[in-house]
Amino acid sequence: MLNQLQQLKPKGRDTMKIKAIHVYQHDLPIIGGPYVMSSGPLHALDTTLVRVEAENGVVGWGETCPLGPTYAPAHAEGARAALSVLAPGLIGADLTRPRQVHQTMNALLSGHAYAKAALDIALFDALGRLLDRSVADLLGGQVQASVPSYVALNVAPAGETARLATEAVKAGYRRLQLKVGGRDVVEDIDAAKAVFAAVGSEATLVVDANRGLSREGALQLSRGLADVPLVIEQPCDGLENCLTLRPMLHHPLYIDESADDLVQIARLVGNRLVDGFGMKVTRLGGLQPMMAFRDLCEAGGVPHTCDDSWGGNIITAACIQLAATVKPSNLAGVWSAQAYLDHHYDPVSGPEARKGRFNVSTEPGLGLSIDPEQFGNPVFSVC
Ligand SMILES: [Mg+2]
Numbered sequence: 077m078l079n080q081l082q083q084l085k086p087k088g089r090d091t092m093k094i095k096a097i098h099v100y101q102h103d104l105p106i107i108g109g110p111y112v113m114s115s116g117p118l119h120a121l122d123t124t125l126v127r128v129e130a131e132n133g134v135v136g137w138g139e140t141c142p143l144g145p146t147y148a149p150a151h152a153e154g155a156r157a158a159l160s161v162l163a164p165g166l167i168g169a170d171l172t173r174p175r176q177v178h179q180t181m182n183a184l185l186s187g188h189a190y191a192k193a194a195l196d197i198a199l200f201d202a203l204g205r206l207l208d209r210s211v212a213d214l215l216g217g218q219v220q221a222s223v224p225s226y227v228a229l230n231v232a233p234a235g236e237t238a239r240l241a242t243e244a245v246k247a248g249y250r251r252l253q254l255k256v257g258g259r260d261v262v263e264d265i266d267a268a269k270a271v272f273a274a275v276g277s278e279a280t281l282v283v284d285a286n287r288g289l290s291r292e293g294a295l296q297l298s299r300g301l302a303d304v305p306l307v308i309e310q311p312c313d314g315l316e317n318c319l320t321l322r323p324m325l326h327h328p329l330y331i332d333e334s335a336d337d338l339v340q341i342a343r344l345v346g347n348r349l350v351d352g353f354g355m356k357v358t359r360l361g362g363l364q365p366m367m368a369f370r371d372l373c374e375a376g377g378v379p380h381t382c383d384d385s386w387g388g389n390i391i392t393a394a395c396i397q398l399a400a401t402v403k404p405s406n407l408a409g410v411w412s413a414q415a416y417l418d419h420h421y422d423p424v425s426g427p428e429a430r431k432g433r434f435n436v437s438t439e440p441g442l443g444l445s446i447d448p449e450q451f452g453n454p455v456f457s458v459c
């Protein structure tokens, strides 16, 4: 075993070049759907998978799955188009140096962080396998053996939301996110009150409008729920619309969709302009920039989630590995779409929440074993 590892590991300043990159498309129907946010219902998602092969045969997997074309400035076909620009320029790049790979990606294509993230995650998976270390180890080392997860509750009638909230708390979840917006604010207020009446202080409540409220509507929501302890997440479209509301809100303010740039996030944390973040790994460009985000938030004492908008085992595993390295008091939880999916990419080790938490794999890389045959032929390959 040791000899095998010594053969795999790069020695001294040896490099390990990327030999090939394969990009796959895969459909993810939403079971128990539709998934309903303020922007409307979603019935299925289109995910993009990246398989990176090193010159010694080590493989790493990455994933990016925009939540439809309107959740963020990202869409599935856009991910694959951006990857077709990036991938040829990464053949021969040294996967033992993820920062250099990011600099190369940024030189090849401006923006498109969500596409770069799929390559970033695949590189960390491959590097972990190469060095026989978990991705969490590469990100600084895990500080928890398991990480808390949370549940998102669709925009739905108050009674139904309260019933699902009760089930989630019974299942072990201690953070519930109620989707709001896209209907009369009074209905959102009733739903949040019904949930609080059902689960009380047994869980932290978050109301997430996904940019779907007007400023007036957000104020009405917060005033109507002034006696209910909860967090308001991304009430309105646009960062300044949210920030200028904060002094008038009765609740802590988390920013999600509008936090998409490390410099802007440094301003928000440094000036204590927000109370927390709902953060998506692919929004910032992958695990490498998420380390900077994590450390900045810890320094400022600003809590955050480690999520992504959608995706299967690969993105979930990446979120868990990252979350395992976050100071526990600063980790607001890990959300995964896996509960809405009808299959695992890895039927044996695919992550699943149990009693409201995800166990953290200590196996090399992301800890997954993935058969590429399940995704059919790649959309394209470069080598
Ligand atoms: Mg959110």
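So the sequence shown is numbered by our numbering: it starts at 77 and just counts up by one. Note that beta-carbon positions come from the ideal geometry of N, C-alpha and C, so glycine has one too. Given the structure is predicted, the values throughout are model-derived calculations rather than measurements.
query, result
"Assign K431 to one of two classes, buried (16 or more other C-beta atoms within 10 Å of its C-beta) or exposed (fewer than that).", "exposed"
"Quick test of the definition: if touching needs 3 or more C-beta pairs under 8 Å, does the stretch 419 to 426 touch the stretch 439 to 449?", "yes"
"List the whole-angstrom C-beta distance separating V282 from E309, where the pair is believed to meet the contact cut-off of C-beta under 8 Å.", "5 Å"
"Does the stretch 316 to 335 touch the stretch 287 to 302, meaning 3 or more C-beta pairs lie closer than 8 Å?", "yes"
"How big is the Cα-Cα spacing for E449 and I97?", "15 Å"
"Counting Cβ pairs closer than 8 Å, one from the stretch 150 to 157 and one from the stretch 173 to 185, do we hit at least three?", "no"
"Quick one: grab the DSSP three-state call for H119.", "coil"
"Which one or two residues does DSSP pair with R430 in a beta bridge?", "R433"
"Spatial neighbours of L143 within its chain, please: C-beta separation below 6 Å, excluding the five flanking residues on both sides.", "S385 and W386"
"Report the rounded CA-to-CA distance for T280 versus A268, giving the unit in angstroms.", "12 Å"
"So the candidates are L363, P440, W411 and G376; which of them puts its Cα closest to the Cα of L398?", "L363"
"Take every Cβ of the stretch 203 to 223, pair it with every Cβ of the stretch 132 to 140, and state whether three or more of those distances are shorter than 8 Å.", "yes"
"Measuring only the C-alpha atoms, how far is F456 from L159?", "10 Å"
"Quick one: what does DSSP say Y111 is sitting in, helix, strand or coil?", "strand"
"Under the rule that 16 or more other beta-carbon atoms within 10 Å means buried, what is L81, buried or exposed?", "Legend: pLDDT at L81 = 46, less than 50; position of this residue unreliable, no value from coordinates given."
"Compute the Euclidean distance between the alpha carbons of L229 and A241, then round it to the nearest angstrom.", "7 Å"
"Rounded to the nearest angstrom, what separates T91 and V211 at their Cα positions?", "19 Å"
"Is the CB-CB distance between G288 and G258 below 8 Å?", "yes"
"Less than 7 Å separating the Cβ of E309 from some heavy atom of ligand 1?", "yes"
"Name the residue from T140, G168 and A232 whose alpha carbon lies nearest to the alpha carbon of D196.", "T140"
"Can you tell me whether N286 sits near ligand 1, meaning its C-beta is under 7 Å from at least one heavy atom of the ligand?", "yes"
"Between the stretch 370 to 377 and the stretch 122 to 132, can you find at least three pairs of beta-carbon atoms closer than 8 Å?", "no"
"Can you tell me the Cα-Cα spacing of I94 and H327, whole angstroms?", "48 Å"
"Between S225 and P110, what straight-line distance do the alpha-carbon atoms span, to the nearest angstrom?", "21 Å"
"On the criterion of 16 or more Cβ atoms from any shown chain inside 10 Å, does N286 qualify as buried, or is it exposed?", "buried"
"Using the three-state DSSP reduction, which class does Q179 fall into: helix, strand or coil?", "helix"
"What is the residue span of the alpha helix (DSSP H) that A198 lies within?", "A189 to L207"
"Compute the Euclidean distance between the alpha carbons of V307 and G352, then round it to the nearest angstrom.", "9 Å"
"Nearest-angstrom Cα distance between I331 and G354?", "6 Å"
"Considering only DSSP beta bridges, list what E129 is partnered with.", "A96 and V135"
"Please classify C459 as buried or exposed, where buried requires at least 16 neighbouring CB atoms within 10 angstroms.", "exposed"
"According to DSSP, which residues form a beta bridge with S457?", "H98"
"Just mark R433 as buried or exposed, buried being the case when its beta carbon has 16 or more other beta carbons within 10 Å.", "buried"
"Give the C-beta separation of Y190 and F451 to the nearest angstrom, bearing in mind that I take them to be a contact with Cβ-Cβ under 8 Å.", "With 8 Å as the limit, Y190 and F451 do not qualify as a contact, their Cβ atoms being about 19 Å apart."
"May I ask you to report which of helix, strand or coil DSSP gives G154?", "helix"
"Along the beta strand (DSSP E) that carries I331, what are the first and last residues, could you check?", "L329 to I331"
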